[in-house]
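> First to last, the protein sequences are chains A and B. To convert a position in the first sequence, counted from 1, into my numbering, add 1129. To convert a position in the second sequence, counted from 1, into my numbering, add 462. The beta carbon of each residue, even a glycine, is placed where N, CA and C say it ideally should be. Dumping the structure here so I can ask a few things about it.
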Amino acid sequence: EDQVTQSPEALRLQEGESSSLNCSYTVSGLRGLFWYRQDPGKGPEFLFTLYSAGEEKEKERLKATLTKKESFLHITAPKPEDSATYLCAVQAGMGRRALTFGSGTRLQVQP
Amino acid sequence: EAGVAQSPRYKIIEKRQSVAFWCNPISGHATLYWYQQILGQGPKLLIQFQNNGVVDDSQLPKDRFSAERLKGVDSTLKIQPAKLEDSAVYLCASSSPRGRTDTQYFGPGTRLTVL
């Protein structure tokens, strides 16, 4: 059974204070690892897909990396508008295309 | 390009009542998903459609939940009768796989409260 565990559950940062969110996973043949951002009252918004160990993707202040067992979402010099829940999900490579999500990390960036 | 549309956005019902949610995917997306997101948790798959057909409904509580996707476009998810534990956000997502790229795009969700 595919499993995704995210840590920490919640993170409070000061504006400009860089940090990383962790996503550990077990999956039967990884097709892709996805990061989404979810604001209160909204659906998840796609950020990145990573396909193989060693791959990195960047978008503004966010950088996602992937190893064979975990992924990190690095946030550099965050701003208050980066406050959201960040969800990690895996897609197995054995035909089933549905995503298995972690419970998310709630990030709060204070000015 | 228009995103995934869902309605209603909010619904409050009494337990044992029935409720239906509607989803219109991104134009041209053959794959449609319904997920349930309980407060404080990540979304969990209920059912996956490929065009008109069901691909995966292994986690759908079939004694009370049903879903259909007529003509391979819009989809409806129904709960009958509702239980207190069905209180959640119901998310619809769609995708159009191309090669190894298979990004799912989500709608805003329907927040269901069962009293």
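Does DSSP put residue 1187 of chain A in a helix, in a strand, or in coil?
The residue you call residue 1187 of chain A lines up with position 58 of the first sequence. Reduced to three states, the DSSP call for residue 1187 of chain A is strand.
> Locate the beta strand (DSSP E) running through residue 1203 of chain A, then write down its first and last residues.
If you number the first sequence from 1, residue 1203 of chain A lands on position 74. Secondary structure note for residue 1203 of chain A: its beta strand (DSSP E) is the uninterrupted segment 1199 to 1204.
> Which stretch, first to last residue, makes up the beta strand (DSSP E) that contains residue 506 of chain B?
Locating residue 506 of chain B in the second sequence gives position 44, counting from the first residue. From DSSP, the beta strand (DSSP E) with residue 506 of chain B extends over 506 to 512.
> So which residues on chain A does residue 574 of chain B lean against when the C-beta distance must stay under 8 Å?
Stepping through the second sequence from its first residue, residue 574 of chain B is reached at position 112. In chain order: nothing, as chain A lies at least about 14 Å away.
> Suppose the cutoff is 7 Å on Cβ atoms and the five residues either side in sequence are ignored; what does the same chain contact list for residue 1160 of chain A look like?
The count along the first sequence starts at 1 and reaches residue 1160 of chain A at position 31. So the qualifying residues of the chain are 1220, 1221 and 1222.
> Excluding the five sequence neighbours on either side, which residues of its own chain have a C-beta within less than 6 Å of the C-beta of residue 472 of chain B, listed in chain order?
As a working mapping, residue 472 of chain B is identified with position 10 in the second sequence. Contacts found: 573.
> Here's the rule: buried if 16 or more other CB atoms are within 10 angstroms of the residue's CB, otherwise exposed. What is residue 480 of chain B?
If you number the second sequence from 1, residue 480 of chain B lands on position 18. Exposed, because fewer than 16 other Cβ atoms sit within 10 Å of the Cβ of residue 480 of chain B.
> Does the beta carbon of residue 1173 of chain A come closer than 8 Å to any beta carbon on chain C?
Absent from the structure: chain C. Protein chains present are A and B.
> According to the Cβ coordinates, are residue 465 of chain B and residue 492 of chain B closer than 8 Å?
Taking the second sequence and counting its residues from 1, the one referred to as residue 465 of chain B is at position 3. Taking the second sequence and counting its residues from 1, the one referred to as residue 492 of chain B is at position 30. Going by C-beta atoms, residue 465 of chain B is not nearer than 8 Å to residue 492 of chain B.
> Tell me, please, whether the CB atom of residue 564 of chain B is closer than 8 Å to any CB atom in chain A?
Residue mapping note: residue 564 of chain B aligns to position 102 of the second sequence, counting from 1. It does: the Cβ of residue 564 of chain B has a partner Cβ on chain A nearer than 8 Å.
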